[in-house]
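The next block holds one structure in the form of structure tokens; read it before the comments.
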């Protein structure tokens with residue numbers, strides 16, 4: 103069933119998308135402001151992926167760049183739709199709908215800007231089921247839809263088209279170079295596909311999940327209930343069924359650099375009660391691996407989410423500060439993101455990690471609500 | 103009058119184009135091999151720019167990258183025509199002819215590869231009248247034809263289109279990033295224009311001049327005449343009327359780095375007779391400035407050419423070696439390359455040099471033939 107997004111939904115969606123951003127994906131609150139400006143009192147139609155026509159022509163839209171730059175360099179707002187138009191012109195075909203390639207972080211919002219500007223509907227699905235740092239890390243690509251041709255729009259109206267055939271890593275490599283030279287942020291349209299492709303390759307209903315999660319956290323707070331219970335309850339009926347508390351404590355160290363177009367670094371969290379324990383999180387835009395006293399407790403593509411210890415408000419890697427009281431959650435990804443092909447594209451080895459993937463529900467045994 | 107290029111012309115053309123490359127522009131002998139392979143016993147038609155139709159549709163073709171890389175990374179040979187085809191498809195119009203953007207160095211040959219493969223004629227003109235390191239340094243751009251959209255082809259079939267509107271420096275900036283990520287070399291089609299645009303903005307008859315120069319040097323050697331007299335005689339009837347000997351001696355120091363996609367450095371030449379004199383040449387792919395004992399004797403866009411002291415064989419910056427006996431020539435560029443607009447695009451300040459442009463014929467008084 104199709105449904106509508108209005109401005110009243112946006113802050114809940116932003117909160118949920120930040121959680122799914124697993125520390126990265128860019129700040130959706132900036133995206134939220136841009137959607138609000140274009141949307142006004144209007145509404146965006148969201149299509150359920152199971153119900154779309156097989157020959158619907160879908161052009162996903164997104165922003166690429168380092169989250170640390172996005173915070174300082176707010177886009178003009180016209181680039182997202184321009185990227186769609188460039189790809190439509192290149193392909194000689196108008197899009198019937200847009201879609202996120204990444205439902206975590208700001209890229210939950212970019213397709214909504216496009217939808218609000220163009221009147222196109224948005225498909226409730228994405229290609230990452232969370233956030234990842236590279237354009238090739240897509241379930242689309244894993245299951246046979248490739249990113250090329252990619253259209254990229256810059257803030258001064260620059261138009262770039264990149265076509266690397268089936269080689270999505272080369273597409274990422276070239277598009278990243280352009281993004282860096284544009285000052286760190288570019289807007290892209292890529293992975294154009296049919297409705298049948300969406301059904302076969304996309305992670306379904308991630309936009310609605312982000313909205314439902316964000317709303318559940320807010321409503322729990324308003325009702326003085328535990329937001330962690332609300333998170334676990336919401337996810338229990340989705341493809342992301344398992345939630346674990348990996349650690350609670352305060353941030354004692356953050357080492358973060360923006361390098362080669364990415365925000366890379368390490369965060370350390372220690373107990374507030376002085377126990378001799380530590381959680382180490384390594385990130386490349388997103389949180390990739392969590393080690394408790396050197397022992398693996400969660401690893402990409404499972405979600406590692408740092409949230410405020412009382413409110414469960416999600417914290418991005420660029421929002422991490424010394425002394426913050428936090429809880430770290432591990433959330434299981436859908437099965438289609440844990441296949442051998444999927445792990446080759448965005449599992450530990452894709453990030454240069456030596457550790458082997460192991461499901462968070464087998465590694466960290468305590469439930470989020472009981473830790 | 104149109105004329106023909108056959109395989110027998112190619113080594114003379116390569117020699118002349120290396121001279122016009124002023125140290126840079128890439129090695130035309132590699133280009134020559136590629137042309138020979140495609141051309142066989144065929145012929146390429148060359149069109150005189152004064153005689154082409156005003157509505158002829160011309161798509162210039164070239165290679166971009168650092169000459170030091172081009173020597174090590176010989177192109178597959180199919181990329182030049184692919185770049186033309188990408189731009190034709192993007193513009194929805196077939197080219198009637200191709201043309202060099204740069205008649206110095208390897209880019210004298212790239213349009214010939216395209217012509218031999220496609221059967222298109224080549225216009226006898228270019229946009230640099232020599233070689234320059236950046237795509238924005240074109241008389242085309244100076245006189246109102248812009249480079250965008252640019253099509254770029256990579257050796258693994260990568261296709262990139264860059265459109266930065268009137269901003270040719272931004273086009274260069276983005277295309278250079280792609281070229282670097284492709285390993286240092288890319289093939290491009292850009293500055294698509296009409297026959298009327300060619301007449302208004304191109305430096306005329308530079309391809310025939312390169313061929314005539316190379317032939318004159320060879321014939322002088324074969325007849326035991328001075329090749330330097332042959333150079334001066336050939337140029338005297340062209341737009342490059344003034345030739346000066348700036349220095350004679352041996353190479354005593356070469357400091358060369360490949361950085362940011364360019365070959366940058368300094369060469370020093372000292373007299374063989376032990377006199378306490380020195381010529382310093384600074385280069386960025388091409389020779390930019392020549393200082394004799396610290397005093398300016400030639401500066402970009404005038405040509406600074408290092409040649410072997412006996413044979414007048416031109417030497418590229420990557421071919422410079424300690425101990426080589428050389429003569430350094432200064433050659434005046436056409437008036438259309440010395441206007442204030444032209445100097446803003448490719449004069450000293452465009453290369454970060456503090457010196458003001460001064461014509462070589464006013465700085466270095468001795469004639470090449472008498473030094």
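Residue numbers (the numbering used here), protein chains in the order written: chain B, 103 to 473; chain P, 103 to 473.
From the three backbone atoms N, C-alpha and C, an ideal C-beta is built for every residue, glycine too.
Is it true that the CB of residue j sits closer than 8 angstroms to the CB of residue i?
i, j, result
"residue 316/P", "residue 207/P", "no"
"residue 214/P", "residue 256/P", "no"
"residue 372/B", "residue 354/B", "yes"
"residue 388/B", "residue 233/B", "yes"
"residue 435/B", "residue 404/B", "yes"
"residue 224/P", "residue 241/P", "no"
"residue 294/B", "residue 189/B", "yes"
"residue 227/B", "residue 306/B", "yes"
"residue 154/B", "residue 300/B", "yes"
"residue 417/P", "residue 408/P", "yes"
"residue 297/B", "residue 158/B", "yes"
"residue 399/B", "residue 465/B", "yes"
"residue 205/P", "residue 239/P", "no"
"residue 287/B", "residue 219/B", "no"
"residue 277/B", "residue 252/B", "yes"
"residue 119/B", "residue 210/B", "yes"
"residue 413/P", "residue 302/P", "no"
"residue 433/B", "residue 289/B", "no"
Going by DSSP, what residue range makes up the alpha helix (DSSP H) through residue i?
i, result
"residue 299/P", "297-303"
"residue 188/B", "181-193"
"residue 333/B", "329-338"
"residue 114/P", "112-122"
"residue 139/P", "130-141"
Would you tell me roughly how many angstroms separate the C-alpha atoms of residue i and residue j, rounded to the nearest one?
i, j, result
"residue 427/B", "residue 347/B", "14 angstroms"
"residue 216/P", "residue 161/P", "11 angstroms"
"residue 471/B", "residue 429/B", "Residue placement at residue 471/B is poorly supported in this model, since its pLDDT is 44, which falls under 50; the coordinates still yield a value, given next. In a straight line, the C-alpha of residue 471/B is about 11 angstroms away from that of residue 429/B."
"residue 321/P", "residue 198/P", "35 angstroms"
"residue 339/B", "residue 319/B", "16 angstroms"
"residue 212/P", "residue 182/P", "7 angstroms"
"residue 381/B", "residue 406/B", "12 angstroms"
"residue 281/B", "residue 439/B", "27 angstroms"
"residue 152/B", "residue 342/B", "18 angstroms"
"residue 378/P", "residue 395/P", "9 angstroms"
"residue 562/B", "residue 362/P", "What the structure shows of chain B is the stretch from 103 to 473, and residue 562/B is not part of that stretch, so it cannot be assessed."
"residue 391/B", "residue 237/B", "20 angstroms"
"residue 133/B", "residue 167/B", "14 angstroms"
"residue 463/B", "residue 330/B", "16 angstroms"
"residue 103/P", "residue 328/P", "31 angstroms"
"residue 163/P", "residue 184/P", "10 angstroms"
"residue 271/P", "residue 460/B", "49 angstroms"
"residue 274/B", "residue 266/B", "9 angstroms"
"residue 179/B", "residue 106/P", "53 angstroms"
"residue 415/P", "residue 431/P", "12 angstroms"
Starting from residue i, follow its DSSP beta bridges and name the residues at the other end.
i, result
"residue 202/P", "163/P"
"residue 289/B", "165/B, 255/B"
"residue 318/P", "Answer by DSSP bridge pairing: none, since residue 318/P is not bridged."
"residue 389/B", "385/B"
"residue 365/B", "360/B"
"residue 397/P", "394/P"
"residue 408/B", "430/B"
"residue 370/P", "355/P, 382/P"
"residue 306/B", "227/B"
For the beta strand (DSSP E) that contains residue i, what are its first and last residues?
i, result
"residue 361/B", "345-361"
"residue 147/P", "146-149"
"residue 107/B", "105-107"
Nearer than 7 angstroms: is that true of the beta carbon of residue i relative to any heavy atom of the ligand FAD?
i, result
"residue 369/B", "This structure simply doesn't include the ligand FAD, nor any ligand for that matter."
Worksheet item: What residue ranges within the region 202-275 of chain P form continuous beta strand (DSSP E) runs of no fewer than 3 residues, ordered along the chain?
Response: 252-255, 261-265
Practice prompt. Report the residue ranges of all beta strand (DSSP E) runs contained in full by the region 410-462 of chain B; include only those spanning at least 3 residues, in chain order.
Written response: 427-433
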